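K.L.:
The structure is given below, and queries will be raised subsequently.
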Amino acid sequence: MNERSIGQSLSRAGLTLVRPRGAVFLLLLVLLVWITVLNPSFAEPGQLMRFIQRVAPVAIVAIGQYFVIVSGEFDLSMGSLVTAQVVIAGNLIGQDDSRSIPVLGFMLLFGALIGLINGLVTTLLRVPSFIVTLGMMLALLGGILFWTGGAATGNPADGFRQIGRGGIRDVPIIDFLPWSALLLAVILAAAIWFSRRPFGKSLIAVGDNVTMARYAGVRVWWVKTSAFILSSLSATVAGVLLVGYAGVHPSVGRGYEFIAITAVVLGGVVLGGGRGWVVAAAAGAFALEALFTLLNFAGVPSTMRDAIQGGIIILAVAYSATTFRARRRRGPLETSPAMGKRPDPTLDPVSPALQDREPAGQRTDNGGI
Amino acid sequence: MTTRRLRLDNTVIVLFALIGVIIIGAVLVSTVGRNFFSDGNIRDILTGMSVLGFVAIGQTLVILCASLDLSVPYVVSLSSLIAAETMQGRQENILWAVILTLLVAAAIGLANGVIVAGLKVNGFIATLGVGLIIKGYLATEYKGTAGSVPWEFQLVGASGLGPVPISTIIMVGLAVLVALFLRKTRTGHHMFAVGGNPAVSRLSGLRTWQPVVVAHVMCSVMAALAGLLLASRLGVGSPTVGSQGGYDLLSIAAVVLGGTLLLGGRGSIWGTIGGVAIFAVLDNVMSVMQVNPFLKDVVRGIVIVAAVAIYTGRAIERRRARFSKDASGSAGTPPVDAEVAR
Chain A
0 MNERSIGQSL SRAGLTLVRP RGAVFLLLLV LLVWITVLNP SFAEPGQLMR FIQRVAPVAI
60 VAIGQYFVIV SGEFDLSMGS LVTAQVVIAG NLIGQDDSRS IPVLGFMLLF GALIGLINGL
120 VTTLLRVPSF IVTLGMMLAL LGGILFWTGG AATGNPADGF RQIGRGGIRD VPIIDFLPWS
180 ALLLAVILAA AIWFSRRPFG KSLIAVGDNV TMARYAGVRV WWVKTSAFIL SSLSATVAGV
240 LLVGYAGVHP SVGRGYEFIA ITAVVLGGVV LGGGRGWVVA AAAGAFALEA LFTLLNFAGV
300 PSTMRDAIQG GIIILAVAYS ATTFRARRRR GPLETSPAMG KRPDPTLDPV SPALQDREPA
360 GQRTDNGGI
Chain B
0 MTTRRLRLDN TVIVLFALIG VIIIGAVLVS TVGRNFFSDG NIRDILTGMS VLGFVAIGQT
60 LVILCASLDL SVPYVVSLSS LIAAETMQGR QENILWAVIL TLLVAAAIGL ANGVIVAGLK
120 VNGFIATLGV GLIIKGYLAT EYKGTAGSVP WEFQLVGASG LGPVPISTII MVGLAVLVAL
180 FLRKTRTGHH MFAVGGNPAV SRLSGLRTWQ PVVVAHVMCS VMAALAGLLL ASRLGVGSPT
240 VGSQGGYDLL SIAAVVLGGT LLLGGRGSIW GTIGGVAIFA VLDNVMSVMQ VNPFLKDVVR
300 GIVIVAAVAI YTGRAIERRR ARFSKDASGS AGTPPVDAEV AR
């Protein structure tokens, strides 16, 4: 590689960092540096591993939510599903280590079933996914609390909890490698692989323009249903990790659907579908947790966390929305000659191509829900 | 003309659903030896309707504009606190407290609207963010209930004309006003236009931000009225009263149950009131039959999905006929229409 191309790739990397697609990495970097300044021991490998262990369930849920959001839908049932799985693990495994494997299998099946129901009702019965998963959220949480009588039961056997809290000890440099970090790495790798396969491409196509995708021969119902199944499975895995990390309680997992959506949106994924990158979604989860850690170290009262989180997500999305607009000028509409408005070729060299690609009015920034 | 017939049809379907729910409910209630149509029971149902009704009327406007408002539960809580703290149990403060509450809520709605329409942030995220900001403020400033409401103001929530509570009368009155607003005013019409297709509305020369901002302001003011009503019922302001009620998601569910499209552009206030009534009847029947409170949520979840499933099938059928007749929908139809055209 000669010097010029290195310079080029560096500048390209720099450009990516300020674009919405990459801005989350910049944000994450800033937050991590900031935390390290406040608390230098954070940068020690062991501490970083602990941090990753804490983020893992959120990141996994965000990866699952990414698939649903990029296909143009919502999954609000994730939080309830996490709670349900946590309670199922606590009740069915009990103190009997030998039940771990069969119950784990049952939990995965249960998760897949919930995803299948969400997906089929959304695609075949044509109920908006917002409503389907909202109903599922109420029904799951109510059902699980009804089953347990509303009281938390004991934690499951320690062997099962090791998945969330244990790891490989005495690893060189990092000292302790949590299972959850490994699991996150595996799931992220699988998610990247999924996104690069035809499945991932059709998912984005469906989210961008369902009609075009259908004409191109995509089985829309199956692609969307698979996305819901993936998201429910990821909620299941997060539940398994949280049983180990946080224990069994009906409030574990509460609000996870909104945290996941926030993380995904922080990662520059557009609500309404069709645009996004799974790695950025996972990075969004890391940025969100880093933000919480930072607020913790900075001594901000925990009650103000919500307010700051709210401000940050508005700013992040406003940033990406306005940048997209500046770059595309909402492409098709404003550059069309019929508009009577002078197109601005200097600002917008890509718009003619976009104009060909997207019919007018198919995609808007707000209308995608 | 077609639009008007369509809107009427939607509302009629919701009305039939409501009548169906009432008949089933009445039969179920009579099996445990109680009278569904007794004065007390009707008052219970109507009382249950009013708070969610206020929130859902505002939510309808926002959803018509293809946005969402997830900040309503926190606006409700904040309003109850502002009202109760300003009144301090004194009658002469009532008017000022109500005005102040509505002004604060309008400012929040304005912020929502500007973030959605001006900064182009998706309504889901914008209002979630604003909601979180208010939630953080509430959690930091208040440890529990605060303020107190004078007796005269408590009467609003407690008294009624025969079996009809005053609060429900106010709610229905506002529904009439908002329905007139949608049908008679320019901004009302523009809400349908912008929600249906912002691109076409802009090409037609509308200021597309204006209806969105107005809808958000009205939605927050409606949520504030719900908060005032709750303050009047509780006698104090509470920082958690809104989030406990789950008004964000329930109001969206009621709006969609009432036949308003989540994608915006189609819907009606009366459908929403029907949706709210269905919820209220359902809750009442389950309470009378002493269903386990956790099981109630299961039933509620299933009913929401099932009702919307039955409903969307019909609504889409109607829309299809309309668009093929017009033969003009090919350029600018929103994604759902295209999906149907398969």
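Same order as they appear, the protein sequences are chains A and B.
The opening position of the first sequence corresponds to residue 0 in numbering that gives the first Met the number 0, with each subsequent residue numbered one higher.
The opening position of the second sequence corresponds to residue 0 in numbering that gives the first Met the number 0, with each subsequent residue numbered one higher.
By construction, the Cβ of each residue, glycine as well, lies at the ideal position given by its N, Cα and C atoms.
From a predicted model like this one, the values you see are computed outputs, not experimental measurements.
#1: Rounded to whole angstroms, what is the Cα-Cα separation between A184 of chain A and G283 of chain A?
#2: Is there a C-beta anywhere in chain A that falls below 8 Å from the one on E206 of chain B?
#3: Say whether chain B places a C-beta atom closer than 8 Å to the C-beta of R218 of chain A.
#4: Is V163 of chain B helix, strand or coil when you go by DSSP?
#5: Would G226 of chain B and S79 of chain B be called neighbours here (beta carbons separated by less than 8 Å)?
#6: Would R342 of chain B and G156 of chain B qualify as a contact pair, given that the criterion is a beta-carbon distance under 8 Å?
#7: Short check: CB of A156 of chain A to CB of I92 of chain A, under 8 Å?
#8: What residue ranges within the region 164–193 of chain B form continuous alpha helix (DSSP H) runs of no fewer than 4 residues, ordered along the chain?
#9: Roughly how many angstroms separate the alpha carbons of I375 of chain A and P127 of chain A, rounded to a whole number?
#10: If you measure from the beta carbon of V13 of chain B to each beta carbon in chain A, is any gap under 8 Å?
#11: Just grab the DSSP bridge partners of P177 of chain A for me.
#12: List, in chain order, every chain A residue whose beta-carbon is nearer than 7 Å to that of A308 of chain B.
#13: Could one say the Cβ of A306 of chain A lies closer than 8 Å to chain B's Cβ atoms, at least one of them?
#14: Contact defined as beta carbons within less than 8 Å: I believe V23 of chain A pairs with G266 of chain A. What is the distance between those atoms, to the nearest angstrom?
#15: Would you mind working out which of A:S194, A:L182, A:K223 sits nearest R53 of chain A, comparing C-alpha positions?
#16: Do the region 56–72 of chain B and the region 114–131 of chain B touch if we need at least three Cβ pairs shorter than 8 Å?
#17: Determine, for A138 of chain A, whether the minimum Cβ-Cβ distance to residues of chain B falls below 8 Å.
#18: Could you check which residue in B:G245, B:T259, B:G263 has the C-alpha nearest to that of G342 of chain B?
#19: Consider the Cβ of A252 of chain B: report whether some Cβ of chain A lies at a distance smaller than 8 Å.
#20: So, for V219 of chain A: in the same chain, excluding its five sequence neighbours on each side, which residues have a beta-carbon less than 8 Å away from its beta-carbon?
#21: Are G296 of chain B and L137 of chain A touching if we call contact CB-CB under 8 Å?
#22: Classify G236 of chain B as helix, strand or coil using the three-state DSSP reduction.
#23: Tell me which residue opens and which closes the alpha helix (DSSP H) that A105 of chain B is part of.
#24: If you draw a straight line from the alpha carbon of L30 of chain A to that of A289 of chain A, how long is it in whole angstroms?
#25: Could you run through the region 90–119 of chain B and flag, in chain order, every residue whose CB is less than 7 Å away from some CB of chain A?
#26: What does DSSP give as the partner residue(s) for A145 of chain B in the beta ladder?
#27: Using C-beta distances below 8 Å, list every residue in its chain close to A110 of chain B, excluding the 5 sequence neighbours before and after it, in chain order.
#28: Would you please verify whether the beta carbon of F66 of chain A is less than 8 Å from any beta carbon of chain B?
#29: In whole angstroms, what separates the C-alpha of M170 of chain B from that of A223 of chain B?
#30: Anything in chain A within Cβ reach of V297 of chain B, meaning under 8 Å, just list it in chain order.
#31: If we call anything under 8 Å between Cβ atoms a contact, is G104 of chain A one with V242 of chain A?
#32: Could you tell me whether the region 298–305 of chain A touches the region 129–148 of chain B, where touching means 3 or more Cβ pairs closer than 8 Å?
#33: Going by the CB atoms, is the gap between S219 of chain B and I107 of chain B shorter than 8 Å?
#34: Does the CB of V60 of chain A have a neighbour CB from chain B at under 8 Å?
#35: By the three-class DSSP mapping on this structure, what secondary structure does S37 of chain B have?
#36: Helix, strand or coil, according to DSSP, for G153 of chain A in the structure here?
P.N.:
With the given structure in hand:
#1: As a position in the first sequence, residue 184 of chain A is number 185, starting the count at 1. As a position in the first sequence, residue 283 of chain A is number 284, starting the count at 1. Within the model, the alpha-carbon separation for A184 of chain A versus G283 of chain A is close to 15 Å.
#2: Position 207 of the second sequence, counting from 1, holds the residue named residue 206 of chain B. It is Arg, not Glu, that sits at residue 206 of chain B in the sequence shown. The Cβ of R206 of chain B sits no closer than 8 Å to any Cβ of chain A.
#3: The residue given as residue 218 of chain A occupies position 219 in the first sequence. When Cβ-Cβ separations below 8 Å define contact, R218 of chain A makes no contact with chain B.
#4: As a working mapping, residue 163 of chain B is identified with position 164 in the second sequence. When secondary structure is reduced to three states using DSSP, V163 of chain B falls in the strand class.
#5: Translated into positions along the second sequence, residue 226 of chain B becomes position 227. Translated into positions along the second sequence, residue 79 of chain B becomes position 80. Between G226 of chain B and S79 of chain B, the gap from beta carbon to beta carbon is short of 8 Å.
#6: The shown model of chain B, from 0 to 341, leaves out residue 342 of chain B, and the question about it has no answer.
#7: If you number the first sequence from 1, residue 156 of chain A lands on position 157. If you number the first sequence from 1, residue 92 of chain A lands on position 93. Closer than 8 Å, so yes.
#8: Fully contained in the region 164–193 of chain B are the following alpha helix (DSSP H) runs of length 4 or more, in chain order: 165–183.
#9: A question about residue 375 of chain A goes unanswered here, because the residues of chain A that appear run from 0 up to 368.
#10: Working through the second sequence from its first residue, we reach residue 13 of chain B at position 14. No, no contact with chain A.
#11: Taking the first sequence and counting its residues from 1, one reaches residue 177 of chain A at position 178. Listed as beta-bridge partners of P177 of chain A by DSSP are A:G166.
#12: Here residue 308 of chain B refers to the residue found at position 309 when the second sequence is read from its first residue. In chain order: V120, L124, V126.
#13: Against the first sequence, residue 306 of chain A aligns to sequence position 307. It does; some Cβ of chain B falls within 8 Å.
#14: Translated into the one-based positions of the first sequence, residue 23 of chain A becomes position 24. Translated into the one-based positions of the first sequence, residue 266 of chain A becomes position 267. V23 of chain A to G266 of chain A, Cβ: 5 Å. Contact.
#15: Sequence index remark: in the first sequence, residue 53 of chain A carries index 54 (1-based). Checked all of A:S194, A:L182, A:K223; the closest Cα to R53 of chain A is A:L182.
#16: In the pairwise beta carbon analysis, the region 56–72 of chain B is classified as touching the region 114–131 of chain B: at least three pairs are separated by under 8 Å.
#17: Indexing the first sequence from 1 puts residue 138 of chain A at position 139. So, interface residue.
#18: This structure does not reach residue 342 of chain B, given that chain B is present from 0 up to 341, and the question cannot be answered.
#19: Position 253 of the second sequence, counted from the start, is the residue given in the question as residue 252 of chain B. Closer than 8 Å to some Cβ of chain A, the Cβ of A252 of chain B qualifies, so yes.
#20: Position 220 of the first sequence, counted from the first residue, corresponds to residue 219 of chain A. Shown here for V219 of chain A: same chain residues with a beta carbon closer than 8 Å to its own, the five before and five after excluded, namely T122, V205, V209, A212, R213 in chain order.
#21: For the purposes of this step, residue 296 of chain B is taken as residue 297 along the second sequence, with counting starting at 1. For the purposes of this step, residue 137 of chain A is taken as residue 138 along the first sequence, with counting starting at 1. The question names Gly, but residue 296 of chain B is Asp in the sequence shown. In contact: D296 of chain B and L137 of chain A (Cβ atoms closer than 8 Å).
#22: The residue labelled residue 236 of chain B in the question sits at position 237 within the second sequence. Here G236 of chain B sits in strand by DSSP.
#23: As a working note, residue 105 of chain B is residue 106 in the second sequence. Element bounds for A105 of chain B: 93–112.
#24: Taking the first residue of the first sequence as position 1, residue 30 of chain A is located at position 31. Taking the first residue of the first sequence as position 1, residue 289 of chain A is located at position 290. Each residue's CA atom was taken as its position, placing L30 of chain A and A289 of chain A some 6 Å apart.
#25: Hits within the stretch, in order: I114, V115, L118, K119.
#26: One-based indexing of the second sequence puts residue 145 of chain B at position 146. Assignment of beta-bridge partners to A145 of chain B by DSSP yields B:G236.
#27: In the second sequence, counting from the first residue as 1, residue 110 of chain B sits at position 111. Result list for A110 of chain B: V129, in chain order.
#28: Taking the first residue of the first sequence as 1, we reach residue 66 of chain A at position 67. When Cβ-Cβ separations below 8 Å define contact, F66 of chain A makes no contact with chain B.
#29: By 1-based counting over the second sequence, the position of residue 170 of chain B is 171. By 1-based counting over the second sequence, the position of residue 223 of chain B is 224. Looking at the two C-alpha atoms, the distance is approximately 13 Å.
#30: What you label residue 297 of chain B is simply residue 298 of the second sequence in a count that begins at 1. Those are L137, A138, G141, G142, F145, listed as they occur along chain A.
#31: What you label residue 104 of chain A is simply residue 105 of the first sequence in a count that begins at 1. What you label residue 242 of chain A is simply residue 243 of the first sequence in a count that begins at 1. In this structure, V242 of chain A does not lie closer than 8 Å to G104 of chain A by Cβ.
#32: The region 298–305 of chain A vs the region 129–148 of chain B: in contact.
#33: Position 108 of the second sequence holds residue 107 of chain B. Position 220 of the second sequence holds residue 219 of chain B. Taking 8 Å as the Cβ cut-off, I107 of chain B and S219 of chain B qualify as a contacting pair.
#34: Your numbering for residue 60 of chain A matches position 61 in the first sequence. No, its Cβ sits nowhere closer than 8 Å to a Cβ of chain B.
#35: Indexing the second sequence from 1 puts residue 37 of chain B at position 38. When secondary structure is reduced to three states using DSSP, S37 of chain B falls in the coil class, being assigned neither helix nor strand.
#36: As a working mapping, residue 153 of chain A is identified with position 154 in the first sequence. Looking at G153 of chain A - three-state DSSP - the assignment turns out to be coil, as it is neither helix nor strand.
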